[in-house]
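**Q** Numbering that gives the first Met the number 0 numbers the first residue of the sequence shown as 0 and each following residue consecutively. If you scroll down you'll find the structure; I have some questions about it.
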Amino acid sequence: MKLAHRGRRRQTERESRSQNLEQWVPKTRLGKMIQEGKISSIEEVFMAGLQIRESQIVDALIPDLQEEVININLVQKQTDAGEKSRFKAVVAVGNRDGYIGLGSGKASQVRNAIEKAATDARLKIVPVRRGCGSWECGCGRPHSVPFQIEGKTGGVRVVFVPGPRGLGLVASEVSKVILGLAGVKDCWARSYGSTRTIPSFAYAVFDALKQTYSLITPADWVK
Ligand SMILES: [Zn+2]
Numbered sequence: 000m001k002l003a004h005r006g007r008r009r010q011t012e013r014e015s016r017s018q019n020l021e022q023w024v025p026k027t028r029l030g031k032m033i034q035e036g037k038i039s040s041i042e043e044v045f046m047a048g049l050q051i052r053e054s055q056i057v058d059a060l061i062p063d064l065q066e067e068v069i070n071i072n073l074v075q076k077q078t079d080a081g082e083k084s085r086f087k088a089v090v091a092v093g094n095r096d097g098y099i100g101l102g103s104g105k106a107s108q109v110r111n112a113i114e115k116a117a118t119d120a121r122l123k124i125v126p127v128r129r130g131c132g133s134w135e136c137g138c139g140r141p142h143s144v145p146f147q148i149e150g151k152t153g154g155v156r157v158v159f160v161p162g163p164r165g166l167g168l169v170a171s172e173v174s175k176v177i178l179g180l181a182g183v184k185d186c187w188a189r190s191y192g193s194t195r196t197i198p199s200f201a202y203a204v205f206d207a208l209k210q211t212y213s214l215i216t217p218a219d220w221v222k
């Protein structure tokens, strides 16, 4: 489902997020540390292994965060009162420079489902390690994935292979949006299974990007 009013919605959404940030009263220790200026970068949060439990933390530390609606589904559910329909949204957030989050939300209105998903995506944000990783390129700059990565979710499997500079993203539309938000510019993609199930596909891409930090490569041993 494509949204005709997407551009306008995103602008009002951005305004409400920044308003929200101005009125923010942190509830967690990490939130308070950020407001007191004791932590001033998202890198510090991940280096210290701290968990993000308030979406405003992400807005405060990554002011140029971008948001993309990946999918909206109508979910029908039988209840005692009859059939109830709700919308389920999947939203990705990223700064196009090494941070990506993917989240989902359900509500009876599309707009609310998107907002919930956007908040969830902020809470799920992770760093993405980038690199050259391509033997054809060898430039050593962080334009691609550092090595081959693989992700799986609900019957979908995706594989991303490092590519040379200038290649672009040789991937499906959903992969391109998520990789772009993460700041990966060049790579090849392969996918297997029920790839038309967009939410599962998006989560498989997210799962693959998480592998960039959970895998330790021989190059890390010497560091
Ligand atoms: Zn390169």
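Glycine is no exception: its CB is placed at the ideal position from the N, C-alpha and C atoms. What you are looking at is a predicted structure, and each value in this text was computed from that prediction instead of being measured.
Have a look at Lys222 and Ser133 and give me their C-alpha separation to the nearest angstrom.
**A** No answer about Lys222 holds up, because its pLDDT of 47 lies below 50 and its placement is not dependable.
**Q** Is it buried or exposed, Asp63, if we count other Cβ atoms within 10 angstroms and call 16 or more buried?
**A** Exposed is the call here.
**Q** Nearest CA to the CA of Ser190: which residue from Val157, Gly150, Val204 and Ile177?
**A** Closest by alpha carbon: Val157.
**Q** State yes or no: is the C-beta of Leu101 within less than 8 Å of the C-beta of Ala117?
**A** No.
**Q** Under 7 Å: does the beta carbon of Arg140 sit that close to some heavy atom of ligand 1?
**A** Arg140: yes, Cβ under 7 Å from ligand 1.
**Q** Between Glu67, Gln34 and Glu21, which lies nearest to Val225 when the distance is taken from Cα to Cα?
**A** Outside the displayed span of the chain (0 to 222) sits residue 225, for which this structure offers no information.
**Q** Nearest to Met32 by alpha carbon, out of Asp185, Glu21, Ser17 and Ala59?
**A** Checked all of Asp185, Glu21, Ser17 and Ala59; the closest Cα to Met32 is Ala59.
**Q** Below 8 Å, can you find three or more Cβ-Cβ pairs linking the region 69-82 to the region 35-46?
**A** Touching, no, given that fewer than three Cβ pairs across the two stretches are closer than 8 Å.
**Q** Report yes if the CB atom of Pro126 is closer than 8 Å to the CB atom of Phe146, and no otherwise.
**A** The answer is no: Cβ separation not under 8 Å.
**Q** For Ala91 and Val57, what's the separation of their Cα atoms in angstroms?
**A** Roughly 13 Å separates the two Cα atoms.
**Q** Compute the Euclidean distance between the alpha carbons of Ser193 and Glu149, then round it to the nearest angstrom.
**A** Each residue's Cα considered, the two are about 16 Å apart.
**Q** Alpha carbon to alpha carbon, what distance is there between Ala203 and Val109?
**A** Val109 and Ala203: Cα-Cα distance of roughly 24 Å.
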